[in-house]
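Presented below is the structure to which this report refers.
Numbering (my numbering), first residue to last: 2 to 62.
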C-alpha cells in the first residue's frame with residue numbers, strides 16, 4: 002500500500018499548481034489542504050477494493 006500512497010501523493014502534487022505560483026496565497030492554500038496528512042484513506046480503500054475484485058489499477062484512477 003505504500004506504493005499506492007506514493008502514487009496518490011505524486012498525482013495530487015502534479016495536478017495542483019506549483020507552490021508559490023500566482024496567486025501564491027490561493028495556490029499555497031490549495032496545496033496545504035490537499036496535500037496535508039490524513040487524507041489518504043479513501044484512495045487506499047479504492048485500490049485495495051479494486052485489488053480484491055481484480056479490477057485494472059488504471060481504471061481506478
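Using N, Cα and C, we set each Cβ at its ideal position, and we do this for glycine too.
N- and C-terminal bounds of the alpha helix (DSSP H) containing residue 27 = 25–36 is the extent of the alpha helix (DSSP H) around residue 27.
Three-state secondary structure (DSSP) of residue 21 = Residue 21 carries a coil assignment under DSSP once its states are collapsed to helix, strand and coil.
Can you name the start and end residues of the alpha helix (DSSP H) that residue 51 belongs to?
-> Membership of residue 51 in the alpha helix (DSSP H) is indicated by the continuous run 42–53.
DSSP state of residue 12 mapped onto helix, strand, coil | Reduced to three states, the DSSP call for residue 12 is helix.
What is the rounded straight-line gap between the Cα of residue 26 and the Cα of residue 20?
-> Cα to Cα, the separation comes out at about 9 Å.
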